[in-house]
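From first to last, the protein sequence lines are chains A and B. Numbering of the first sequence is given in this note's numbering, commencing with residue 1 and proceeding in unit increments. Numbering of the second sequence is given in this note's numbering, commencing with residue 1 and proceeding in unit increments. Note that CB positions come from ideal geometry on N, CA and C, so glycine has one too.
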Amino acid sequence: MNKNEFLNLLQKRLNGLPQSDIERSLEFYGEMIEDRIEEGMTEQQAVKEIGSVDEAVTQILSDTPLQRLLKEKARPSHKLRAWEIVLLALGSPIWASLLLAAACIILAVYILIWSLVVVIYCVDISFAAGALAGTAGSVILLAGGYTLSAALFLGGGLICAGLMIFMFFASKDTTVGIARLSKSLLIKIKSMFLRKEQA
Amino acid sequence: MDIQLKRGLLDICVLAAIKSEASYGYQIIKDIKPYVEISESTLYPILRRLETAGFLTVRSAEHNGRLRKYYHITPSGLERISDFTQEWKEIMSIYQFVVREEKTDE
């Protein structure tokens, strides 16, 4: 790929971002390629060292606030005429509720994902409570002379303790995984605002 | 290394690279690379973030018949670096404590 091909592809992929943002990224990547060529690299080599367009787009997206993307999407491509404003106002019961519904769905997905984390921690806490109650119960039963019941309680308590430790590590990993998942989900949502290139 | 930590460290590294004199993108990458892994696609958002935060300013200057962007550190950027070194002095003393504890354990 040469410099122009790289920059053209980047421009296409960033379509949907504010124009000034696109220009700045193109300037930045163009300069980076130029500087490498000046150092003696061939154009092909220089482009190769810059990395992939995908990576560049992902990084730019992850650093662009969602509000900025929304604003750009909502910005009309020309000045609104009077009748268009009237139509927008009259149609607002429809488009506003659709927009609200879309926002609610995204919110619901996030709540769903994170409630999974809460559930796992709750289970872990209940195992911890079971472990404590089991051991405490066995001590009381032993003091009362119920040796067999005490052994049963102690066993139950130990099983709970084991499960608690196991669940703790499992829940830690799950939290990290889900944090990553929701981050990549956000990038997916953001990339929905980019216009797909016309084939 | 922890992602959040690395992100914070990269911010400081970029500021450190332009601390003594203004520098440009490719030079910043070359300066930082021996210490931390950094690529164009990571540097670009960092520069934008630091600019928005007021830690650096961008000025275009002519170079070999084309424009090149030079990044200049601001007083608050310098302050950010000194905050960082101050913070890490504390972290290093904690580190010394942790390492010493390990030794006496053996």
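Below-8 angstroms beta-carbon distance, Y71 of chain B vs any chain D residue: No chain D is part of this structure, whose protein chains are labelled A and B.
Return the Cβ separation of V14 of chain B and I32 of chain B in integer angstroms, given the expectation that the two are a contact with Cβ distance under 8 angstroms. Walking along the second sequence from the start, residue 14 of chain B turns up at place 14. Walking along the second sequence from the start, residue 32 of chain B turns up at place 32. Right, the Cβ-Cβ distance comes to about 7 angstroms (below 8 angstroms), so this counts as a contact.
Where does Q45 of chain A sit, in a helix, a strand or coil, going by DSSP? By 1-based counting over the first sequence, the position of residue 45 of chain A is 45. Reduced to three states, the DSSP call for Q45 of chain A is helix.
Inside the stretch 5-36 of chain A only - beta strand (DSSP E) runs reaching at least 3 residues: none
Touching by the beta-carbon criterion (3+ pairs, under 8 angstroms), the stretch 54-63 of chain A and the stretch 183-196 of chain A: yes
What's the C-alpha gap between E23 of chain A and L7 of chain A? Here residue 23 of chain A corresponds to residue number 23 of the first sequence, with the count starting at 1. Here residue 7 of chain A corresponds to residue number 7 of the first sequence, with the count starting at 1. Spanning the two alpha carbons is a distance of roughly 10 angstroms.
Neighbour list for G40 of chain A in chain B, Cβ cutoff strictly below 8 angstroms: Here residue 40 of chain A corresponds to residue number 40 of the first sequence, with the count starting at 1. Ordered by position in chain B, no residue passes the 8 angstroms Cβ test against G40 of chain A, which lies about 13 angstroms from the chain.
Below 8 angstroms on C-beta distance, what does Y29 of chain A contact in chain B? Locating residue 29 of chain A in the first sequence gives position 29, counting from the first residue. Within chain B, the residues near Y29 of chain A are E40 and Y44.
If the cut-off is 9 angstroms on Cβ atoms, which residues from the stretch 5-31 of chain B count as contacting chain A, listed in chain order? Y24, G25, Y26, Q27 and I29
DSSP three-state assignment for K69 of chain B, whether helix, strand or coil: Walking along the second sequence from the start, residue 69 of chain B turns up at place 69. Of the three classes helix, strand and coil, the one that applies to K69 of chain B here is strand, per DSSP.
Can you confirm whether D173 of chain A, when its beta carbon is compared against all beta carbons of chain B, has any partner nearer than 8 angstroms? Along the first sequence, read from residue 1 onward, the residue named residue 173 of chain A stands at position 173. No, D173 of chain A lies away from the interface with chain B (no Cβ there is under 8 angstroms from its Cβ).
What residues in the stretch 113-144 of chain A have a beta carbon less than 8 angstroms from any beta carbon of chain B? none
Residues near V47 of chain A in its chain [Cβ-Cβ closer than 7 angstroms; skip 5 each side]: As a first step, residue 47 of chain A must be located in the first sequence, where it is residue number 47. Cβ neighbours of V47 of chain A beyond the five flanking positions: M1, N2, K3, F6 and I33.
Looking at C-alpha atoms only, which residue of A:Y110, A:G145, A:R36 and A:R68 is the closest neighbour of S184 of chain A? Indexing the first sequence from 1 puts residue 184 of chain A at position 184. Of the listed residues, the one whose Cα sits closest to S184 of chain A is A:Y110.
Quick one: is G155 of chain A buried, meaning 16 or more other Cβ sit within 10 Å of its Cβ, or exposed? Start at 1 with the first residue of the first sequence, and residue 155 of chain A comes out as number 155. Under this definition G155 of chain A is an exposed residue.
Report the neighbours of R66 of chain B on chain A: residues whose CB is nearer than 7 angstroms to its CB, in chain order. Start at 1 with the first residue of the second sequence, and residue 66 of chain B comes out as number 66. Near R66 of chain B (Cβ distances below 7 angstroms), the residues of chain A are E34.
If you draw a straight line from the C-alpha of A199 of chain A to the C-alpha of R13 of chain A, how long is it? Residue numbering aside, residue 199 of chain A sits at position 199 when the first sequence is read from its first letter. Residue numbering aside, residue 13 of chain A sits at position 13 when the first sequence is read from its first letter. Reliability of the predicted coordinates at A199 of chain A is poor, the pLDDT of 41 falling under 50, and the value obtained from them is presented with this limitation in mind. Cα to Cα, the separation comes out at about 12 angstroms.
Work out the CA separation of F84 of chain B and E51 of chain B for me, nearest whole Å. The residue given as residue 51 of chain B occupies position 51 in the second sequence. The residue given as residue 84 of chain B occupies position 84 in the second sequence. One C-alpha to the other measures close to 18 angstroms.
In its own chain, which residues sit with a C-beta less than 8 angstroms from the C-beta of I38 of chain B, not counting the 5 before and 5 after it? Numbered from its first residue, the second sequence carries residue 38 of chain B at position 38. For I38 of chain B, where only same-chain residues beyond five positions count, the Cβ hits under 8 angstroms are L10, C13, I29 and I32.
Alpha carbon to alpha carbon, what distance is there between A129 of chain A and V123 of chain A? Counted from its first residue, the first sequence places residue 123 of chain A at position 123. Counted from its first residue, the first sequence places residue 129 of chain A at position 129. Cα-Cα distance, rounded: 10 angstroms.
Sequence-distant residues of the same chain with beta carbon closer than 7 angstroms to E43 of chain A, five excluded per side: In the first sequence, counting from the first residue as 1, residue 43 of chain A sits at position 43. Within the same chain, E43 of chain A has close Cβ partners N2, K3 and I37.
Let's see if you can read the secondary structure: which residues bound the alpha helix (DSSP H) around V123 of chain A? One-based indexing of the first sequence puts residue 123 of chain A at position 123. Residues A82 to G144.
How about R49 of chain B: is its C-beta nearer than 8 angstroms to some C-beta of chain A? Your numbering for residue 49 of chain B matches position 49 in the second sequence. Yes, R49 of chain B counts as interfacial toward chain A.
Buried or exposed by the 16-neighbour rule on C-beta atoms within 10 Å, applied to G162 of chain A: Taking the first residue of the first sequence as position 1, residue 162 of chain A is located at position 162. Exposed, since its Cβ has fewer than 16 Cβ neighbours within 10 Å.
Between I187 of chain A and chain B, is the shortest Cβ-Cβ distance under 8 angstroms, so that the two count as touching? Numbered from 1 along the first sequence, position 187 holds the residue referred to as residue 187 of chain A. I187 of chain A does not count as touching chain B.
Rounded to whole angstroms, what's the CA-CA distance from S171 of chain A to A131 of chain A? Just pull it up for me. As a first step, residue 171 of chain A is located in the first sequence; it is residue number 171 there, counting from the start. As a first step, residue 131 of chain A is located in the first sequence; it is residue number 131 there, counting from the start. Their Cα atoms are separated by approximately 18 angstroms.
Tell me the residue span of the alpha helix (DSSP H) that contains L61 of chain A. Translated into the one-based positions of the first sequence, residue 61 of chain A becomes position 61. Segment V53 to S62, the alpha helix (DSSP H) holding L61 of chain A.
Interface flag, Q67 of chain A vs chain B, CB-CB below 8 angstroms: Working through the first sequence from its first residue, we reach residue 67 of chain A at position 67. No - not a single Cβ of chain B is within 8 angstroms of the one on Q67 of chain A.
CB E72 of chain A to CB P18 of chain A, shorter than 8 angstroms? Taking the first residue of the first sequence as position 1, residue 72 of chain A is located at position 72. Taking the first residue of the first sequence as position 1, residue 18 of chain A is located at position 18. Cβ distance < 8 angstroms, so E72 of chain A and P18 of chain A count as in contact.
beta-carbon N8 of chain A near the ligand FAD non-hydrogen atom, thresh 7 angstroms: As presented, the structure is devoid of all ligands, the ligand FAD included, so that no description of it is given.
Going by alpha carbons, who is nearest to Q27 of chain B out of A:E27, A:E31 and A:L26? Locating residue 27 of chain B in the second sequence gives position 27, where the first residue counts as 1. For Q27 of chain B, the nearest C-alpha among the options comes from A:E31.
Which chain B residues are close to G51 of chain A, counting only those with a beta carbon under 8 angstroms from its beta carbon? By one-based count along the first sequence, residue 51 of chain A stands at place 51. Neighbours of G51 of chain A on chain B, chain order: S39, E40 and S41.
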